[in-house]
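Undergrad: Each residue of the sequence shown is one higher than the one before, counting from 668 in our numbering.
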Amino acid sequence: MIVIGELINASRKDIGRAIEGRDAAAIQQVAKDQADAGADYIDVNAGIFVDREPEHVRWLVETVQAVTNIPCAIDSPDPAAIEAGLAVHKGTAMINSISLERERCENLLPLVADTDLKVIALCMSDEGMPETVDDRLKIADALVERLTGSMVKVENIYVDPLVQPMSVNNGFGMEFLNAVEAIMERFPGIHTACGLSNISYGLPSRKFLNQTFMAMAVAKGLDGAIVDPLDRKMMANIVAAEALAGRDDFCMNFLKAFRSGLFAF
Ligand code: THG
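#1: Per DSSP, A788 is paired with what?
#2: Using a threshold of 6 Å, is the CB atom of N763 nearer than that to any non-hydrogen atom of ligand 1?
#3: Between the segment 775-783 and the segment 794-802, do three or more beta carbon pairs fall short of 8 Å?
#4: Just to confirm, does L789 get its C-beta within under 6 Å of one of the non-hydrogen atoms of ligand 1?
#5: Return yes when the Cβ of I824 is within less than 7 Å of the Cβ of I671, no when it is not.
#6: Between V826, Y868, M919 and A846, which lies nearest to T859 when the distance is taken from Cα to Cα?
#7: Taking only runs of the alpha helix (DSSP H) that begin and end inside the segment 851-887, which ones reach a length of at least 4 residues, in chain order?
#8: State the Cα-Cα distance for the pair S927 and G705, rounded to the nearest angstrom.
#9: A910 lies in the alpha helix (DSSP H); which residues open and close that run?
#10: What's the gap between the Cα of N845 and the Cα of H723?
#11: Of the residues N763, G816 and N774, which one's Cα is nearest the Cα of C790?
#12: For Q701 versus L674, is the C-beta spacing smaller than 7 Å?
#13: Three-state secondary structure (DSSP) at D718?
#14: Hey, H756 and C772 are a contact pair by Cβ (cut 8 Å); roughly how many whole angstroms apart?
#15: Could you check which residue in A807, L870, G795 and D707 has the C-alpha nearest to that of T759?
The following block contains the structure:
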């Protein structure tokens, strides 16, 4: 499982304030904590600052990379913000995300064409949010075709089928899970990723719901997630679920995690 640490997101009050006030130490602490907890990527999102998003994203990438060796997932719907972050990023970044929305797709394809960047391909189009497995597969088909047509390797693509709140429609959980399974089957070598916590929006005990949903998604083949790496139970759940799903040879990762104390709450 590729773990993308979600905590550097301007919609969180402390982070929004730290970005505005250029409090590098505060951002760097959150970056280091997530890397130490086992994150593979640090998501950087300044989405609440519409006009100043590119400059904030650029500052976030520089600030985070000054203290960690792991790459960033540059999280914005605005191609200009992604371009600004990429311009200063060292190593191989993850783009979060491209979608089938026309403007986003047209502007981002040239940026990722022929590169080794990791790309999250969000199942969203100008026709709105997908609801069924079929809606998601149609968008995934078109996105994968365009990305591979631009010489992006299939193993660098993370399709995000889009998690929607089950408080809105209690079928959304299974539609998402079945989409993960269908996408993993249809495009050998591809990955899937998602912002998992959307599932519990509007409900109590969100962490508990997110942890349970993670185990179900791992069983369907999910191999990337934007989550809080400081949530120990979530991280323990991922390791246990992957072993149970037969994705951990000789239970090596599970045993290693046990020895390092991950399951001692
Ligand atoms: N797919 C992709 N990218 C995404 C999402 C997705 N990026 C943004 C988002 N969704 C995932 N990231 C976060 C980051 C932080 C929080 C949730 C999702 C978060 N939420 C608390 C809440 O909602 O209650 C806020 C609480 C707080 O203020 O701390 O922390 O779906 N590709």
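We treat Cβ as the ideally placed atom computed from N, Cα and C, and that holds for glycine. All of these numbers come straight from a predicted model, not from anything done at the bench.
TA: The relevant details are as follows:
#1: Start at 1 with the first residue of the sequence shown, and residue 788 comes out as number 121. In the DSSP output, where bridge partners are listed per residue, A788 has I765 and V826.
#2: Walking along the sequence shown from the start, residue 763 turns up at place 96. Yes, ligand 1 has a heavy atom inside 6 Å of this Cβ.
#3: Counting Cβ pairs under 8 Å, fewer than three are found: no touch.
#4: Here residue 789 refers to the residue found at position 122 of the sequence shown. Yes, Cβ of L789 sits closer than 6 Å to a heavy atom of ligand 1.
#5: As a working note, residue 671 is residue 4 in the sequence shown. As a working note, residue 824 is residue 157 in the sequence shown. It is not a contact, given that the beta carbons lie outside the stated cut-off.
#6: Along the sequence shown, one-based indexing puts residue 859 at 192. When each option's Cα is compared against that of T859, the closest is V826.
#7: Listed in chain order, the complete alpha helix (DSSP H) runs (minimum 4 residues) inside the segment 851-887 are 873-887.
#8: Residue 927 sits at position 260 when you count from the first residue of the sequence shown. Residue 705 sits at position 38 when you count from the first residue of the sequence shown. Roughly 12 Å between the two C-alpha positions.
#9: Here the question's residue 910 lines up with position 243 in the sequence shown. Run containing A910: R899 to L911, per the alpha helix (DSSP H) assignment.
#10: Translated into positions along the sequence shown, residue 845 becomes position 178. Translated into positions along the sequence shown, residue 723 becomes position 56. Here the alpha carbon of N845 sits roughly 37 Å from the alpha carbon of H723.
#11: Translated into the one-based positions of the sequence shown, residue 790 becomes position 123. Selected option, being the one with the closest Cα: N763.
#12: Here residue 701 corresponds to residue number 34 of the sequence shown, with the count starting at 1. Here residue 674 corresponds to residue number 7 of the sequence shown, with the count starting at 1. Yes, the pair counts as a contact, with Cβ atoms nearer than the cut-off.
#13: Counting from 1 along the sequence shown, the entry for residue 718 is found at position 51. Coil, per DSSP.
#14: Position 89 of the sequence shown, counted from the start, is the residue given in the question as residue 756. Position 105 of the sequence shown, counted from the start, is the residue given in the question as residue 772. For H756 against C772, the beta-carbon gap comes to about 21 Å, at or over 8 Å, which does not count as contact.
#15: The sequence position of residue 759 within the sequence shown is 92, counting from 1. Here the closest residue by C-alpha is D707.
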